[in-house]
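Here the structure comes first, spelled out in structure tokens, and everything after it is commentary.
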Amino acid sequence: MIKRIIVVSVLVALCLSLAFATIGYGFEPVKVGEGMTIRFLAGGPPGGVFATVVVNGARQAAHDLGAKLEVIWSDWSVEDMIIDFKEAVAANPDGIVVYGYAGEDAGGPIIDKAVSKGITVTAINTNFPTYEKKYGAEGHGWVGAEVYSVGLKLGQYVVRELGLGEGDRALVYGVLKLGVPGRGERTVACIDALEEAGVTVDYIEISDAVNADPTMGIPVVSAYIAAHPDVDLVITDHGGLTATLPTYLKAAGVKPGEVAGAGFDPTPAAAEGIREGYILAVWDQQQFLHGYLSVLQICLARKFMFSGLHIDTGAGVVNASNVEALAALADAGIR
208 MIKRIIVVSV
218 LVALCLSLAF
228 ATIGYGFEPV
238 KVGEGMTIRF
248 LAGGPPGGVF
258 ATVVVNGARQ
268 AAHDLGAKLE
278 VIWSDWSVED
288 MIIDFKEAVA
298 ANPDGIVVYG
308 YAGEDAGGPI
318 IDKAVSKGIT
328 VTAINTNFPT
338 YEKKYGAEGH
348 GWVGAEVYSV
358 GLKLGQYVVR
368 ELGLGEGDRA
378 LVYGVLKLGV
388 PGRGERTVAC
398 IDALEEAGVT
408 VDYIEISDAV
418 NADPTMGIPV
428 VSAYIAAHPD
438 VDLVITDHGG
448 LTATLPTYLK
458 AAGVKPGEVA
468 GAGFDPTPAA
478 AEGIREGYIL
488 AVWDQQQFLH
498 GYLSVLQICL
508 ARKFMFSGLH
518 IDTGAGVVNA
528 SNVEALAALA
538 DAGIR
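As structure tokens, then:
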């Protein structure tokens, strides 16, 4: 009896292993994006330090997946982004990757039209919450960093590292009024973290001109520091401006360590600023993944009917303790 049970058990195990083997061998890996055209709305200007890394990720994904990628640049102009989005829908690609900067009032109807034409739309950086829920089953997802959370974490980090409190002063150079729904929450969070510690916060809005060309902010920061020589910290809520922080401080006659700098998105220039002592910390949201995972999202949705994914790529702080480990990747346009 025992021998029979053993024999039967062995036969059952063998049959199951053969069944699973047959199922496994029935799957043939493919280039998931082969035959697909994806219009990638890059947001920033060609050569811009943040947008370029995002696009590098998208290009890598298109290469890996076999998709055709069409990149459109917008100089961070919300008006241009809306126009580019409409033109992308008219071009009738298989998928569109778009920043959520247009907001739901302007961007929502365009998303509706795209989906009605069978185009898969997914968002990066800032999302369209209503449409992510509405079209999640059609592959509408989001890849980015939760903006308020990362702003608060950076603000709290610099307060802790510098020992800031009452009697100290900081400048936040940000985007509260840029017309980008949700994007300004990162600036708000930086201010909240500083004010909660008792720091006096001065705020300057990034103009359209500085948004497109961060070097235009040199006289702005120089004038501020000249008027507020007691400033302890400058936070720039913009990848391009963070890369330019050392230039701002040098132009204002600041020596390393006299005024701390902090901001967002690692770049070769920001890494050098950390080495020189002008930048205390840069928050890394791993924007290469914004490009890579959004393209992957569209290809998976169209090929295998996967639903939209909500992916937070916010990572942590780059500072003097770890900058060398990431510097080569920043130089390569990956971090």
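Numbering-wise (the numbering used here), the sequence shown opens with residue 208 and increments by one. Note that the Cβ used here is the ideal one computed from N, Cα and C, for glycine as well.
What are the partner residues of residue i, as DSSP defines its beta bridges?
{"i": "G468", "result": "V441 and I486"}
{"i": "A196", "result": "Given that the chain is displayed from residue 208 to residue 542, the structure contains no residue 196 and the question cannot be resolved."}
{"i": "H517", "result": "W349"}
{"i": "A377", "result": "V408 and L440"}
{"i": "V177", "result": "Given a span of 208 to 542 for the chain in the structure shown, any question on residue 177 remains unanswerable."}
{"i": "F247", "result": "V278 and V304"}
Leaving aside the five residues before and after residue i along the sequence, list all residues of the same chain whose C-beta is less than 6 Å from its C-beta, in chain order.
{"i": "K320", "result": "V296"}
{"i": "E392", "result": "V354 and Y355"}
{"i": "G302", "result": "I245, T327 and I505"}
{"i": "Y410", "result": "V379"}
{"i": "P253", "result": "W280"}
{"i": "T337", "result": "E311"}
Whole angstroms are fine: how far does the CA of residue j sit from the CA of residue i?
{"i": "K462", "j": "L487", "result": "13 Å"}
{"i": "Y188", "j": "V237", "result": "In the structure as shown, the chain begins at 208 and stops at 542. Residue 188 is therefore absent and cannot be evaluated."}
{"i": "A377", "j": "Y306", "result": "30 Å"}
{"i": "I505", "j": "H445", "result": "27 Å"}
{"i": "L272", "j": "R246", "result": "15 Å"}
{"i": "H435", "j": "N526", "result": "26 Å"}
{"i": "T474", "j": "H347", "result": "29 Å"}
{"i": "W283", "j": "T333", "result": "13 Å"}
{"i": "V239", "j": "V524", "result": "34 Å"}
{"i": "S528", "j": "F513", "result": "40 Å"}
{"i": "P421", "j": "T451", "result": "7 Å"}
{"i": "E368", "j": "A258", "result": "29 Å"}
{"i": "L361", "j": "V502", "result": "29 Å"}
{"i": "E412", "j": "E311", "result": "23 Å"}
{"i": "H270", "j": "Y499", "result": "10 Å"}
{"i": "E345", "j": "D519", "result": "20 Å"}
{"i": "G372", "j": "K384", "result": "27 Å"}
{"i": "I318", "j": "E479", "result": "41 Å"}
{"i": "I289", "j": "V261", "result": "19 Å"}
{"i": "K341", "j": "E294", "result": "22 Å"}
{"i": "Y485", "j": "G460", "result": "12 Å"}
{"i": "D375", "j": "A535", "result": "35 Å"}
{"i": "A228", "j": "L507", "result": "Residue confidence for A228 is low, a pLDDT of 47 falling below 50, so the modelled location carries little weight; the figure read from the coordinates is stated next. Using only the alpha carbons, I get a separation of about 24 Å."}
{"i": "S281", "j": "G233", "result": "45 Å"}
{"i": "P300", "j": "V278", "result": "12 Å"}
{"i": "E241", "j": "A268", "result": "12 Å"}
{"i": "I432", "j": "A469", "result": "16 Å"}
{"i": "I425", "j": "V441", "result": "13 Å"}
{"i": "C298", "j": "E531", "result": "In the sequence under discussion, the amino acid at residue 298 is Ala, which differs from the Cys named in the question. Each residue's alpha carbon lies about 43 Å from the other."}
{"i": "D437", "j": "E465", "result": "10 Å"}
By alpha-carbon positions, which one of the options ends up nearest to residue i?
{"i": "A467", "options": "T443, A476 and Y499", "result": "T443"}
{"i": "L496", "options": "R390, I331, T394 and E373", "result": "I331"}
{"i": "G325", "options": "M243, V261, P252 and C397", "result": "M243"}
{"i": "F292", "options": "L248, I398 and L456", "result": "L248"}
{"i": "L448", "options": "L516, N418 and N263", "result": "N418"}
{"i": "A522", "options": "A532, G540 and Q493", "result": "Q493"}
{"i": "V428", "options": "S414, K340, L456 and D409", "result": "L456"}
{"i": "E286", "options": "L516, G250 and E402", "result": "G250"}
{"i": "H517", "options": "L533, V304, I432 and E339", "result": "E339"}
{"i": "D439", "options": "G370, L533, A532 and R390", "result": "G370"}
Assuming residue i and residue j make a contact with CB atoms under 8 Å, what is their CB distance in whole Å?
{"i": "V366", "j": "A404", "result": "4 Å"}
{"i": "F335", "j": "G315", "result": "7 Å"}
{"i": "A396", "j": "G358", "result": "3 Å"}
{"i": "N263", "j": "I481", "result": "Not a contact, Cβ separation roughly 21 Å."}
{"i": "V408", "j": "I398", "result": "5 Å"}
{"i": "F511", "j": "W490", "result": "In fact, because the Cβ distance is near 34 Å, the residues do not count as touching under 8 Å."}
For residue i, which residues of its own chain have a beta-carbon under 7 Å away from its beta-carbon, when the five flanking residues on both sides are left out?
{"i": "A416", "result": "M423"}
{"i": "E483", "result": "P453 and P463"}
{"i": "R164", "result": "Outside the displayed range of the chain (208 to 542) lies residue 164, so it cannot be described from this structure."}
{"i": "A537", "result": "P473, T474, P475 and A478"}
{"i": "G255", "result": "G447"}
{"i": "Q363", "result": "A400"}
{"i": "P458", "result": "The identity of residue 458 in the sequence shown is Ala, whereas the question assumes Pro. Excluding sequence neighbours, A458 sits near I425 and S429."}
{"i": "V322", "result": "V328, Y342 and E345"}
Go through its chain and collect everything with a Cβ distance to residue i's Cβ below 8 Å, but skip five positions before and after it.
{"i": "G343", "result": "S514 and G515"}
{"i": "V219", "result": "Because V219 sits at a pLDDT of 42, beneath the cut-off of 50, its placement in the model cannot be relied upon, and the following sentence gives the value as read from the coordinates. For V219, where only same-chain residues beyond five positions count, there are no Cβ hits under 8 Å."}
Could you confirm whether any beta carbon from chain B is found closer than 8 Å to the beta carbon of residue i?
{"i": "W349", "result": "As a matter of chain content, chain B is missing from the structure shown, which is built from one protein chain."}
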